[in-house]
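Chemist: Going by the working numbering, the residue at position 40 of the sequence shown is 134; the numbering climbs one at a time, nothing skipped.
Note that CB positions come from ideal geometry on N, CA and C, so glycine has one too.
This is the structure I want to talk about, given as structure tokens.
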Amino acid sequence: MNVRKVIGRAIRFADCLTLAMAWIAGGLVMLVTILILIEVVSRSLLNISMAFAWEFSSIGAGLAMLLGTPYAFLTYGHIRLTLLDEMLGQPWASRLAILTTVFGLIVLVGITVATGQLAYYSFSRGVTSFATDLPLALPQAVICFGFLAASIQLAAALARLTMDFDNLNVKGVDG
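Below is the structure:
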């Protein structure tokens, strides 16, 4: 099998995973909004605060941000130093993009391993949250998955930068 085809399929998989995670992140933002609105109404009308609302909304907001990160990588929605790119010109701007992508990938892989270890530690020890007794391994595992997906998307970005895969794109993504 052609290596280029395999890498192309891996990039398409990463892009599809990224798009699915972006939709999940959007859904989480809507759920967090609804949860906070219910808390505000409950507090103002019934004078009752729901501790779980604050816990789940903070977890949901964090997960939404993290699950949306790979989409920012895919669509170049993250902060870029375009002025520096323009000043350097080609091929130095491309080399800088490759270097920063490799550095980001190394950092993300390290964070992925660390959050995976944290989730495993919480699971093996049975650690739960204070307010709701939610097993903390669950949100920590999702966080680990988010970092893994961001790592996969950066690896796809590195393949695009180094192997001229610019023509690959997921339907509906302007990247």
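In this structure, how does DSSP classify P185 when only helix, strand and coil are distinguished?
Modeler: Coil at P185, not helix or strand.
Chemist: Should T222 and F146 be called a contact, given that it needs their Cβ atoms to be closer than 8 Å?
Modeler: Not a contact, by the Cβ cut-off of 8 Å.
Chemist: Roughly how many whole angstroms lie between the Cα atoms of V207 and V100?
Modeler: V207 and V100: Cα-Cα distance of roughly 25 Å.
Chemist: By DSSP, does T226 sit in helix, in strand, or in coil?
Modeler: Here T226 sits in coil by DSSP.
Chemist: Relative to the C-alpha of L178, which residue among G210, I130 and L190 is closest?
Modeler: L178 has its Cα closest to that of L190, out of G210, I130 and L190.
Chemist: Taking all protein chains shown into account, decide if L193 is buried (16 or more other Cβ within 10 angstroms of its Cβ) or exposed.
Modeler: The residue is exposed, with fewer than 16 neighbouring Cβ atoms inside 10 Å.
Chemist: Can you look up D258 in the DSSP assignment and give me helix, strand or coil?
Modeler: In the structure shown, D258 sits in coil (DSSP, three-state: anything other than H, G, I, E or B).
Chemist: Could you tell me which of L228, A243, S152 and I128 sits nearest to A166, measuring between CA atoms?
Modeler: Here the closest residue by C-alpha is A243.
Chemist: For T256, is the classification buried or exposed, using 16 other Cβ atoms within 10 angstroms of its Cβ as the cut-off for buried?
Modeler: The residue is exposed, with fewer than 16 neighbouring Cβ atoms inside 10 Å.
Chemist: Can you tell me which of the three DSSP states M124 falls into?
Modeler: Residue state, collapsed to three classes: helix.
Chemist: I'd like to know whether the C-beta atoms of G162 and A231 end up nearer to each other than 8 Å.
Modeler: It is not a contact, given that the beta carbons lie outside the stated cut-off.
Chemist: Three-state secondary structure (DSSP) at G210?
Modeler: Of the three classes helix, strand and coil, the one that applies to G210 here is helix, per DSSP.
Chemist: In whole angstroms, what separates the C-alpha of G102 from that of C238?
Modeler: Cα to Cα, G102 sits roughly 25 Å from C238.
Chemist: How far does the alpha helix (DSSP H) with T163 in it reach, from first residue to last?
Modeler: T163 -> alpha helix (DSSP H) spans A145 to L168.
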